[in-house]
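What follows is a single structure, written as structure tokens, with notes after it.
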Amino acid sequence: MTDKPKLGWVRGLSDAVNLATTAAASVGICLFAGWWLDRRFDTEPWFIALGALIGMATAIKAMWDKMMGQSKRRQKVEKKDPDREN
Amino acid sequence: MLFGMWDSVFFHLGPIPVDHLVVTEWAIIALVGIISFLATRKMQLIPTGLQNGFEAVILFTYDFFTQLMDEEHVAKKWAPLLTSFFLFILISNYSGLIPGAAHVEGFQPPTSNWNVTMTLAIITFFSVHIAGFSEHGGHYLHHFVSPSPLMLPLNLVEEVAHPLSLTVRLFGNIFGEEMVIAFLLFMAPFIIPTAIMGLSLLLGAIQAVVFTLLSASYIGAAAGKGH
Chain A
8 MTDKPKLGWV
18 RGLSDAVNLA
28 TTAAASVGIC
38 LFAGWWLDRR
48 FDTEPWFIAL
58 GALIGMATAI
68 KAMWDKMMGQ
78 SKRRQKVEKK
88 DPDREN
Chain B
250 MLFGMWDSVF
260 FHLGPIPVDH
270 LVVTEWAIIA
280 LVGIISFLAT
290 RKMQLIPTGL
300 QNGFEAVILF
310 TYDFFTQLMD
320 EEHVAKKWAP
330 LLTSFFLFIL
340 ISNYSGLIPG
350 AAHVEGFQPP
360 TSNWNVTMTL
370 AIITFFSVHI
380 AGFSEHGGHY
390 LHHFVSPSPL
400 MLPLNLVEEV
410 AHPLSLTVRL
420 FGNIFGEEMV
430 IAFLLFMAPF
440 IIPTAIMGLS
450 LLLGAIQAVV
460 FTLLSASYIG
470 AAAGKGH
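If you read the protein sequences in the order shown, they are chains A and B. Heads up: the first sequence at position 7 corresponds to 14 in the working numbering, and the numbers run straight through without jumps. Heads up: the second sequence at position 84 corresponds to 333 in the working numbering, and the numbers run straight through without jumps.
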């Protein structure tokens with residue numbers, strides 16, 4: 008089991024779905040929280056704008072983390088087996 | 250009555266009301282349990298029949314989760330939970346395809362109710378953090394303030410986003426699909442819904458795979474060496 012390639016379609020599919028859903032859910036949660044806070048404190052549109060910013064920042068951070076993780080894994084595999092094509 | 254409208258109590262277990270959805274879940278759990286029992290009742294060194302099929306499934310899932318999680322011992326530890334998720338969700342999704350399911354009380358797929366999908370997502374949420382703490386101990390908490398303490402709010406939002414996305418995607422897909430089938434059954438019985446039901450076979454499997462895949466990915470990330 009350990010000899011199997013680790014950068015296969017499974018990980019690619021998982022990363023793609025993970026990133027898409029995490030980005031959408033982050034923006035959704037922050038927008039909802041902002042909307043709720045605006046209604047609660049009558050501060051429209053400040054909290055919803057802040058929520059949108061935090062949500063988008065979280066989505067970008069998730070994307071950045073995935074890219075860095077992918078890059079690290081690729082370097083690890085290449086170090087182990089320099090001739091391998093991914 | 251259209252699908253999704255049942256929320257009546259089936260019977261009471263002492264003071265606890267038990268609705269149709271819970272009974273359907275019990276039936277699915279019993280079905281998986283009985284098949285597993287039959288497959289492992291008389292284990293042989295050279296497997297035949299059901300045992301053979303189950304061993305193939307177990308080997309495939311170990312291999313699949315090892316590729317996904319990087320660490321073989323983590324994959325072995327969490328594969329039983331993840332495989333159970335897959336089987337439960339798959340059979341739940343397919344339970345809506347039983348003839349008349351959209352019209353018969355108590356036959357709705359449990360995964361078309363957000364309480365069920367939320368419960369599964371909460372189990373994943375806690376599993377992720379248990380996996381993180383069991384692999385890294387107290388050092389696991391460091392990832393919440395990584396790469397800088399300023400990132401704490403973003404990391405917390407990301408942690409909450411995971412179970413929410415799992416919940417909404419599974420519930421939305423299965424509920425929407427069941428609503429379409431129920432509506433088409435009402436509008437044009439037998440012919441058009443059959444095609445959609447064929448598509449449901451594919452969608453049900455895809456949703457079960459995606460939920461399991463993402464749960465494995467979250468657990469693998471928490472337990473991985475990146476933390």
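The beta carbon of each residue, even a glycine, is placed where N, CA and C say it ideally should be. Remember, predicted model here, so these are calculated numbers, not experimental data.
Exercise. From which residue to which residue does the beta strand (DSSP E) around B:Ile265 run?
Worked result: As a first step, residue 265 of chain B must be located in the second sequence, where it is residue number 16. Segment Ile265 to Asp268, the beta strand (DSSP E) holding B:Ile265.
For this session: Note down, one range per segment and in chain order, each alpha helix (DSSP H) of at least 4 residues found wholly within the stretch 405-442 of chain B.
Result: none
Exercise. Given a threshold of 16 other Cβ atoms within 10 Å of its Cβ, counted over all protein chains shown, does A:Glu85 qualify as buried or as exposed?
Worked result: The residue you call residue 85 of chain A lines up with position 78 of the first sequence. So A:Glu85 ends up on the exposed side.
For this session: Examine the Cβ distances between the stretch 315-323 of chain B and the stretch 12-30 of chain A and report whether three or more of them are shorter than 8 Å.
Result: yes
Problem set entry | Of the listed residues B:Leu299, B:Gly421 and B:Ala472, nearest to B:Gly342 (C-alpha basis) | Numbered from its first residue, the second sequence carries residue 342 of chain B at position 93. As written in the sequence, residue 342 of chain B is Asn, which differs from the Gly given in the question. It is B:Gly421 whose Cα lies nearest to the Cα of B:Asn342.
For this session: For chain B, find out if any of its Cβ atoms is closer than 8 Å to the Cβ of A:Leu20; answer yes or no.
Result: Along the first sequence, one-based indexing puts residue 20 of chain A at 13. It does; some Cβ of chain B falls within 8 Å.
Exercise. How about B:Ser202 and B:Thr373: are their beta carbons less than 8 Å apart?
Worked result: Given a span of 250 to 476 for chain B in the structure shown, any question on residue 202 of chain B remains unanswerable.
For this session: State the Cα-Cα distance for the pair B:Leu287 and B:Met436, rounded to the nearest angstrom.
Result: Walking along the second sequence from the start, residue 287 of chain B turns up at place 38. Walking along the second sequence from the start, residue 436 of chain B turns up at place 187. One C-alpha to the other measures close to 42 Å.
Exercise. Which chain A residues are close to B:Glu407, counting only those with a beta carbon under 8 Å from its beta carbon?
Worked result: By 1-based counting over the second sequence, the position of residue 407 of chain B is 158. Near B:Glu407 (Cβ distances below 8 Å), the residues of chain A are Thr29, Ser33, Thr65, Lys68 and Ala69.
Exercise. Applying the criterion that 16 or more other CB atoms from any shown protein chain within 10 Å of the CB defines a buried residue, is A:Ser6 buried or exposed?
Worked result: Because chain A is modelled from 8 through 93, residue 6 of chain A falls outside the range shown and cannot be assessed.
For this session: Please decide whether A:Ile55 counts as near chain B, where near means a Cβ-Cβ distance under 8 Å.
Result: Indexing the first sequence from 1 puts residue 55 of chain A at position 48. Chain B contact via Cβ: absent.
Exercise. Are any of the Cβ atoms in chain A nearer than 8 Å to that of B:Leu336?
Worked result: Here residue 336 of chain B corresponds to residue number 87 of the second sequence, with the count starting at 1. It does not: the Cβ of B:Leu336 has no partner Cβ on chain A nearer than 8 Å.
For this session: Could you name the residues of chain A that B:Ser464 contacts, counting a contact when the two beta carbons are closer than 9 Å?
Result: Here residue 464 of chain B refers to the residue found at position 215 of the second sequence. Per Cβ cutoff of 9 Å: no residues; B:Ser464 is ~10 Å from chain A at best.
Exercise. What residues from chain A crowd round B:Met367, counting only those whose CB sits closer than 9 Å?
Worked result: To locate residue 367 of chain B, count along the second sequence from 1; it is residue 118. Near B:Met367 there are no residues of chain A at all, since even the closest Cβ is about 13 Å away, more than 9 Å.
Problem set entry | Contact residues within the stretch 409-422 of chain B, judged by C-beta distance below 7 Å to chain A | Answer in chain order: Val409, Ala410, His411, Leu413, Ser414 and Arg418.
Exercise. Does the beta carbon of A:Trp42 come closer than 8 Å to any beta carbon on chain B?
Worked result: Here residue 42 of chain A corresponds to residue number 35 of the first sequence, with the count starting at 1. A:Trp42 does not count as touching chain B.
For this session: Could you tell me the boundaries of the alpha helix (DSSP H) in which B:Leu262 lies?
Result: Along the second sequence, read from residue 1 onward, the residue named residue 262 of chain B stands at position 13. From DSSP, B:Leu262 is part of no alpha helix (DSSP H) but of the beta strand (DSSP E) over Val258 to Leu262.
Exercise. Touch check for the stretch 413-430 of chain B and the stretch 323-337 of chain B: three-plus C-beta pairs under 8 Å?
Worked result: no
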